[in-house]
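Here the UniProt record's numbering is used: the first residue of the sequence shown is 1, the next is one more, and so on.
Notes follow the structure.
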Amino acid sequence: MSPKLIAPISWVHGIIISIVDGVKSVLQISENDPGLALLLVHLNANLKAVFNDPRSMFVSTSVREYLFDGVRFCINPQGIAKAICNQIKESGSKTIREQSDGSLAFSFFGHKNGSGHEVYEVHTGKGDPMRVLEIQKLDDNHNLQVWLNASTEGETSVCNQINGTDASAYPPFRQRGDSMYIFSADICRSVQLFYQTDIQYQGIPGYRYSIGENFINDIGPEHDNECFCVDKLANVIKRKNGCLYAGALDLTTCLDAPVILTLPHMLGASNEYRKMIRGLKPDAKKHQTFVDVQSLTGTPLQGGKRVQFNMFLKSINRIGITENLPTVLMPAIWVEEGIQLNGEMVAFFKKKLINTLKTLNIVHWATLCGGIGVAVMCLIYYIYQKGRVEEPPVK
């Protein structure tokens, strides 16, 4: 995994949003809500004790702390600050962990260390080899309960369906122009990959697949997948129907945190998000998700899963440290998780499959040519014999 950190960072803002959301939707924060007003007044007065005296929404920290070890806060809080820290602790966010001394630590991927506890039930391919390793159940469930469902009766929506493999392997016998699915537990959804072109990887022929427009660009009722529009964040940049603009996906219900998914450098994202950020250099070759597979076996040869995590920055009523913030979708980190078949596996693959296929191909053509040759010889012999029979005797 190759994370690209965009510094300085604002993890404090995300936690403040989580605190407020944990009590009531940010949408309902108003001058006429005395309960929330009191909460925010106390939160504002105790930010120093909760977040280690922050001078702004942006803090500097090491990459290791931000990603894995955690940036500590709520260190020995007292009074109301302690109550606020207890509320943060009880929020259940995966990105916040309690430390041995009672303090809290925020990290983007700390909860992923030693993870992978999901239990998958997959298809064996018996009776239908095209379904080999296809996920049938995740933790004993056929579908997710993350996104909106298709009806009030709980009919499973397309967003909650689990399709495809876990990307460790793909169905065999691939064809040009086809597509296939993978399921990513990290973003709680299935992703469709489409054929792009033929490739060669260290002498092994294969096909390249990449994500299509229906990943995060085509989302909404006009695309029959409005179930991805969870509409959990208020007063942010979004469409009137609650869906985010093209190129962004709200992962709040997936990660229990106000995180928005885009492609790196907001590749393909709406100008509603890109126009507020300087320094973006989207490049499909560098930032697109793809996989190269051997067409006969479905073995992945190389690939790259590239995504970017963002958070909405915005002003929060009665929180002084946020008063000058514009509403903007701010990049936090983008991640490239890659795979490449190493030299040893390439040699093994060539020896066991490619060379065998070449040998079979030679045998096939040799047999065909031999058969044609024998047929031609038989035809010549037949014509010759027929000519001898019809030749009149010499007197």
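Don't be surprised by glycine CBs; every beta carbon is placed ideally from N, CA and C.
Figure out for me which residue from the options has the closest Cα to the Cα of residue i.
| i | options | result |
| --- | --- | --- |
| residue 48 | 85, 264, 308, 184 | 85 |
| residue 258 | 374, 239, 272, 311 | 311 |
| residue 284 | 177, 331, 210, 140 | 210 |
| residue 199 | 192, 207, 337 | 207 |
| residue 173 | 191, 135, 157, 128 | 128 |
| residue 79 | 43, 192, 117, 100 | 43 |
| residue 295 | 159, 182, 195, 133 | 195 |
| residue 483 | 117, 330, 111 | In the structure as shown, the chain begins at 1 and stops at 395. Residue 483 is therefore absent and cannot be evaluated. |
| residue 335 | 307, 225, 377, 381 | 307 |
| residue 397 | 376, 350, 103, 157 | Nothing about residue 397 can be read from this structure; the chain reaches only from 1 to 395. |
| residue 125 | 380, 165, 265, 385 | 165 |
| residue 148 | 246, 269, 189 | 189 |
| residue 429 | 271, 244, 180, 331 | The chain is shown only over 1 to 395; residue 429 falls outside these bounds and no answer can be derived. |
| residue 51 | 375, 103, 99 | 103 |
| residue 159 | 167, 191, 234 | 191 |
| residue 157 | 168, 167, 142 | 142 |
| residue 167 | 273, 100, 300, 278 | 300 |
| residue 185 | 112, 100, 233 | 112 |
Can you tell me the Cα-Cα spacing of residue i and residue j, whole angstroms?
| i | j | result |
| --- | --- | --- |
| residue 276 | residue 317 | 22 Å |
| residue 163 | residue 343 | 31 Å |
| residue 65 | residue 109 | 10 Å |
| residue 297 | residue 366 | 25 Å |
| residue 320 | residue 197 | 53 Å |
| residue 314 | residue 82 | 25 Å |
| residue 144 | residue 138 | 8 Å |
| residue 119 | residue 267 | 33 Å |
| residue 201 | residue 227 | 38 Å |
| residue 346 | residue 61 | 41 Å |
| residue 122 | residue 303 | 22 Å |
| residue 339 | residue 161 | 26 Å |
| residue 58 | residue 248 | 23 Å |
| residue 290 | residue 230 | 27 Å |
| residue 155 | residue 133 | 26 Å |
| residue 146 | residue 54 | 34 Å |
| residue 182 | residue 237 | 29 Å |
| residue 205 | residue 352 | 15 Å |
| residue 224 | residue 63 | 40 Å |
| residue 329 | residue 288 | 20 Å |
| residue 222 | residue 90 | 38 Å |
| residue 253 | residue 309 | 14 Å |
| residue 170 | residue 239 | 36 Å |
| residue 92 | residue 136 | 28 Å |
| residue 369 | residue 385 | 24 Å |
| residue 179 | residue 293 | 12 Å |
| residue 263 | residue 280 | 11 Å |
| residue 282 | residue 175 | 30 Å |
| residue 130 | residue 150 | 28 Å |
| residue 380 | residue 374 | 10 Å |
| residue 274 | residue 235 | 18 Å |
| residue 245 | residue 193 | 22 Å |
| residue 270 | residue 243 | 13 Å |
| residue 46 | residue 100 | 23 Å |
| residue 77 | residue 278 | 37 Å |
| residue 177 | residue 41 | 58 Å |
| residue 56 | residue 341 | 45 Å |
| residue 233 | residue 348 | 51 Å |
| residue 372 | residue 383 | 16 Å |
What distance in whole Å lies between the Cβ atoms of residue j and residue i, which are believed to be in contact at a cut-off of 8 Å?
| i | j | result |
| --- | --- | --- |
| residue 187 | residue 261 | 6 Å |
| residue 255 | residue 94 | 6 Å |
| residue 241 | residue 220 | 7 Å |
| residue 96 | residue 88 | 6 Å |
| residue 337 | residue 305 | 4 Å |
Can you tell me which residues form a DSSP beta bridge with residue i?
| i | result |
| --- | --- |
| residue 384 | Answer is none; residue 384 lacks a bridge partner. |
| residue 189 | 184 |
| residue 233 | According to DSSP, which records beta bridges pairwise, residue 233 is partnered with nothing at all. |
| residue 143 | 161 |
| residue 262 | 308 |
| residue 300 | 293 |
| residue 210 | 194, 290 |
| residue 67 | DSSP lists no partner for residue 67. |
| residue 72 | 105 |
| residue 97 | 105 |
| residue 204 | 201 |
| residue 179 | 194 |
| residue 121 | 137 |
| residue 53 | Residue 53 pairs with nothing; no bridge assigned. |
| residue 329 | 312 |
(request) Pair every Cβ in the region 99 to 107 with every Cβ in the region 54 to 70, then say whether three or more of these pairs are closer than 8 Å. (result) yes
(request) Report yes or no: do three or more beta-carbon pairs, one from the region 212 to 224 and one from the region 321 to 332, lie closer than 8 Å? (result) no
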